[in-house]
Amino acid sequence: MSKRTRQRKPAPSPKRGNGRWLLALLVALVISGALGFWITKKIASRRTSSRDASKSTASADIPKKQSDAEIFSAYAGSQTCRECHAPVFDLFTNSHHALAERPIDPKNDKRFFDPSHEIHHGTQTSFASFTNGPAQLRAASLEGGIKDFPLERVIGVAPLRQFLAPTHDGRFQVTELAVDPKRGDWFDMFGSEDRTPGEWGHWLGRGMNWNNMCAACHNTRVRKNYQDSSDRYSTTMAESTVSCEACHGPMKSHVTWQKEKHVNTPDPTLAHFNRDQVLDTCGSCHSRRAELTGNFQPGDKFFDHFALTIPDETDIYFADGQVHDEDYEFASFLGSKMHAAGVRCVDCHNPHSAKIKFPGNAICLQCHGAPVPPAPKIDEQTHTFHTAGKPGSQCVDCHMPQTTYMQRHARRDHGFTIPDPLLTKKFEIPNACNRCHTDHDADWALGFVEKWYGTKMDRFTRTRAEVIAEARTENSTSAKLLGILPQETNSYWRAVEVGLLRRWVAEPRVRSTLLASMENTNSLVRVTATRSLEPLASQGLQTNFRKQLTDNVRGVRVEAAWGLSANVDTNSLAGRELLESLENNADQPAGALQLGTFYFGRGENERALGYFERAVKWDSNSAPFHHALAVCLSVLGNSARAIEELKTACRLAPNDAEYFYKLGLALNETGNLKETVAALKRATEIDPQFARAWYNLGLGYSALQQPELALESLRRAESIDPNQAQYPYARATILARLGRNREARIAAERALELQPSFSDAANLLRTL
344 MSKRTRQRKP APSPKRGNGR WLLALLVALV ISGALGFWIT KKIASRRTSS RDASKSTASA
404 DIPKKQSDAE IFSAYAGSQT CRECHAPVFD LFTNSHHALA ERPIDPKNDK RFFDPSHEIH
464 HGTQTSFASF TNGPAQLRAA SLEGGIKDFP LERVIGVAPL RQFLAPTHDG RFQVTELAVD
524 PKRGDWFDMF GSEDRTPGEW GHWLGRGMNW NNMCAACHNT RVRKNYQDSS DRYSTTMAES
584 TVSCEACHGP MKSHVTWQKE KHVNTPDPTL AHFNRDQVLD TCGSCHSRRA ELTGNFQPGD
644 KFFDHFALTI PDETDIYFAD GQVHDEDYEF ASFLGSKMHA AGVRCVDCHN PHSAKIKFPG
704 NAICLQCHGA PVPPAPKIDE QTHTFHTAGK PGSQCVDCHM PQTTYMQRHA RRDHGFTIPD
764 PLLTKKFEIP NACNRCHTDH DADWALGFVE KWYGTKMDRF TRTRAEVIAE ARTENSTSAK
824 LLGILPQETN SYWRAVEVGL LRRWVAEPRV RSTLLASMEN TNSLVRVTAT RSLEPLASQG
884 LQTNFRKQLT DNVRGVRVEA AWGLSANVDT NSLAGRELLE SLENNADQPA GALQLGTFYF
944 GRGENERALG YFERAVKWDS NSAPFHHALA VCLSVLGNSA RAIEELKTAC RLAPNDAEYF
1004 YKLGLALNET GNLKETVAAL KRATEIDPQF ARAWYNLGLG YSALQQPELA LESLRRAESI
1064 DPNQAQYPYA RATILARLGR NREARIAAER ALELQPSFSD AANLLRTL
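The opening residue of the sequence shown carries number 344 in our numbering; numbering runs sequentially from there.
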């Protein structure tokens, strides 16, 4: 062997870094089944920040927090409304709002417990009874075995009712077993899922905790009062159930003024809400959203208190906006033509009974019959092509299809979408035609809609759905999204499209589009634009993000603060709001993950570790929690535990290539090359387009003295991502070691072509 050959640098081993193997990697965290605010946020590399940033003396004028007693002192209670407002109070009394939550009443509820019921659900058997004391449920406990749980309250009225059981530390848990008051039977609202004790989503788990999940929308002015240090609740409220003041706001001053004045003159104490404020009040409960404050009251802006879930790269919604998961009504309605035309909830619903104002098609024809501009005139006889009085003849049959949740609760979609069987054929997006005509396929339905409506079907809403559906696929590009944005007139859908562009945030045109969207007049667009640009917040966009810290909408400020979270001053307005939003969600595993991510990004790794461990403890079946914990453990030098956590993540998510890739890198830190190669190989099997996994697999094979397999793996990496100089350089080192100098020169020259400043490649080339 010549001296020159001996001096050549060996091929690099799989990427190593003294226990810091995950620091430069962005970790996508998709939390299934939780409403965590940063559901698609990432754990970024450790930044050199100091705790002193959170101790800055610079602080904004932040309002003093009120005590529960101070807040509740402004409330008068629903019964004070009856005397002056008897007609509307009578409508309210039997509404679903008035009965949203109440104590168990033998008169209304005893029939479901007496005689006792034996309920078989999945592998479990439970018993409901109402003998010798309160209603109770005998069911499997967290401690093992069977236990009697006293039931104190009812949540919901129809088409199903669930029950609340007090457990420990101020908690109430909502039963997964529900009753259908019409049929009179018990059933499991999760169907055949068979959730067992210890799971996050079991009725005794945090996923069914009333204090966090249900109380705020089934009662009035709820104060969750979670104590992070003791993991306890002291939940209180102004009034049990959804009372008059849940929608009208506190009325103590109004009641006092009326009693003192005894005159029918304008009351200066009354707040008069505009139509959008009323809509935001409805949306505060009728939406899938994350809490930012836990402190919404009527008259407030929705986006000052909530982060709304909208269509994204997941299947929470279908690409045309139809609901898929349990998404409620608010977001779909924001994306509808009805909302864009100025329609609001109270145009169709009586605000006191919550029922629709007119029966059948009359509710739609109040605008589409006359018509009332901009509503187009609809002739119900010729438009539906269905026999009057038969299914399909009602506007809602086609434009507000129903989806059943919790086994019995059918809810109408408020997106007012147009049935399009072509989207069903291309993207499996359901259409109302085949929801009803289940004995026919999409081609059959498409034939009829094209015959009846012709070119009207080729509309922008179809194009938008096609572009969004394609943007969700692996091999999509940003081009079509960028193409439809200039045509988009609906701010909700503009926000959706801006949110989907996050995948391509590094592209100059995407970046400029998102920066422009940060200035949009619509707050939801600004929220999603800020969120999409978050990966670049510390890469030259600090000025843009600092500007968002003073936005007039809290949701935007919180997003900007998250982007700058490594150094944001937590005594500033936005910094304090960010920390409050994180602390407000600290009682759920997703919230613990968020807090851990926050402190990890600020270099407070021991503090972050505690929150990551808490997330794993609270939901041990969620792979992303184990993954995040592994990241932190690795930084703290505990490679052995990090590997075990990654192995657990791989077991829980066996089809996630990223976890196997990270496991391979972690195993390499221990020098276990065989297991390293096995994990990286598995990553490439799951995702054959995973270039970095192929690259590291090639390095692993090289370390195992298997050069041909190494070269093949590196070629695969180059074919997938031909712009990475590391890949041909690694191949050049192996070829040089094998004495294949001509091939090595070509590979080294390719590396220098891609990266002219690549000194290692230049040095290698000089030796060949």
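Just so you know, even glycine gets a beta-carbon here, dropped at the ideal spot from N, CA and C.
Grab the span of the alpha helix (DSSP H) containing E877 for me, first residue to last.
No alpha helix (DSSP H) contains E877, which DSSP labels as neither H nor E.
Is the separation between the beta-carbon of W961 and that of P932 shorter than 9 Å?
In this structure, P932 lies closer than 9 Å to W961 by Cβ.
Indicate whether the contact test is met: 3 or more Cβ pairs, each with one atom in the segment 568-587 and one in the segment 538-548, closer than 8 Å.
Output reads no: the segment 538-548 does not touch the segment 568-587.
Could you say which of T1013, Y1070, L507 and P1050 lies nearest to A1036 if we only look at CA atoms?
Out of T1013, Y1070, L507 and P1050, Y1070 has the C-alpha closest to the C-alpha of A1036.
Thinking C-alpha only, which one of A958, S1100 and N1011 is nearest S977?
That would be N1011, whose Cα lies nearest to the Cα of S977.
Looking only at DSSP bridge pairs, what is A731 linked to?
DSSP lists no partner for A731.
I believe A1087 touches A1079 by the beta-carbon criterion, under 8 Å. Please report the beta-carbon distance rounded to the nearest angstrom.
About 4 Å; that satisfies the 8 Å criterion.
Between which two residues does the alpha helix (DSSP H) carrying K595 extend?
Looking at the DSSP string, the run of the alpha helix (DSSP H) that includes K595 is K595 to K604.
If you drop the 5 nearest sequence neighbours on each side, which residues of the same chain put their C-beta closer than 8 Å to that of H460?
So the list reads F470, A471, S472 and W529, once near-sequence residues are dropped.
With distances taken from CA atoms, which of L979, L952, T747 and V810 is nearest D668?
Nearest option by C-alpha distance: T747.
So the candidates are A935, A731 and D801; which of them puts its Cα closest to the Cα of L765?
Measuring from the Cα of L765, the nearest candidate turns out to be D801.
Going by DSSP in three states, L507 sits in which element: helix, strand or coil?
It is a strand residue.
How would you label V606, buried or exposed, when you count the other beta carbons within 10 angstroms and need 16 or more for buried?
By the 10 Å Cβ count, V606 comes out exposed.
Does the beta-carbon of V522 have 16 or more other beta-carbons within 10 angstroms, so that it is buried, or is it exposed?
Buried, because 16 or more other Cβ atoms sit within 10 Å of the Cβ of V522.
For G939 and A929, which I take to be in contact (beta-carbon distance under 8 Å), what is that distance rounded to the nearest angstrom?
That belief does not hold up - the Cβ atoms of G939 and A929 are roughly 10 Å apart, past 8 Å.
For the structure I just gave you, are there three or more beta carbon pairs, one from the segment 879-888 and one from the segment 903-911, closer than 8 Å?
With a cut-off of 8 Å, the segment 903-911 and the segment 879-888 count as touching, because enough Cβ pairs lie within range.
Alpha carbon to alpha carbon, what distance is there between Y1044 and L1057?
About 10 Å.
Is the CB-CB distance between R618 and R687 below 9 Å?
Contact flag set, yes.
From which residue to which residue does the alpha helix (DSSP H) around E813 run?
Its alpha helix (DSSP H) spans residues F803 to A814.
What are the boundary residues of the alpha helix (DSSP H) that N923 is part of?
Here residue 923 is Glu; the residue named in the question, Asn, does not match the sequence. Here the alpha helix (DSSP H) through E923 covers L916 to N927.
Expressed to the nearest angstrom, what Euclidean distance is found between the alpha-carbon atoms of W787 and E771?
C-alpha separation (whole angstroms): 15 Å.
If you compare alpha carbons, which of G541, A785 and F646 is closest to G488?
The shortest C-alpha separation from G488 is found at G541.
Going by the beta-carbon positions, is the gap between A674 and R815 smaller than 9 Å?
No, the pair does not count as a contact, with Cβ atoms beyond the cut-off.
Distance check for Y418 and T584, CA to CA, integer angstroms please.
Rounded to the nearest angstrom, the two C-alpha atoms are 14 Å apart.
Assign V689 to one of two classes, buried (16 or more other C-beta atoms within 10 Å of its C-beta) or exposed (fewer than that).
Flag for V689 reads exposed.
Since I986 contacts L1016 with CB under 8 Å, what's their CB separation in whole angstroms?
Actually they do not touch by this definition, with Cβ atoms about 14 Å apart.
For A1094, I'd like the list of residues in its chain whose CB is within less than 6 Å of its CB, leaving aside the five on either flank, ordered along the chain.
Around A1094: A1068, P1071, Y1072, F1101 and A1104.
Considering only residues of the segment 493-575, which uninterrupted beta strand (DSSP E) runs meet the minimum length of 3 residues and lie entirely inside it, listed in chain order?
Entirely contained in the segment 493-575, the beta strand (DSSP E) runs reaching 3 residues are, in chain order, 496-498, 505-509, 515-517, 520-523 and 528-531.
Take the Cβ of K1024 as the centre, count every other Cβ of all protein chains shown within 10 Å, and call the residue buried at 16 or more, exposed below.
Per the 10 Å Cβ criterion, buried.
Quick check on the DSSP output: the beta strand (DSSP E) that includes T615 runs from which residue to which?
The sequence as given places His at residue 615; Thr does not occur at that position. Counting along the chain, H615 falls outside any beta strand (DSSP E), and DSSP gives it neither H nor E.
Could you tell me which of P641, Q1032 and N865 sits nearest to A592, measuring between CA atoms?
The amino acid at residue 592 is misidentified as Ala; the sequence shows Gly. For the residues P641, Q1032 and N865, the minimum Cα distance to G592 belongs to P641.
Taking contact to mean at least 3 C-beta pairs separated by less than 8 Å, is the segment 784-798 in contact with the segment 699-707?
With a cut-off of 8 Å, the segment 699-707 and the segment 784-798 do not count as touching, because too few Cβ pairs lie within range.
Give me, in chain order, the residues of the same chain whose beta-carbon lies closer than 6 Å to that of R874; leave out the 5 immediate sequence neighbours on both sides.
These residues qualify, in order along the chain: E902.
Please name the residue in A412, C587 and H464 whose C-alpha comes closest to that of N437.
Here the closest residue by C-alpha is C587.
Buried or exposed for C427, please, with buried defined as at least 16 other CB atoms from any protein chain shown within 10 angstroms of its CB.
It is exposed - the Cβ of C427 has fewer than 16 other Cβ atoms within 10 Å.
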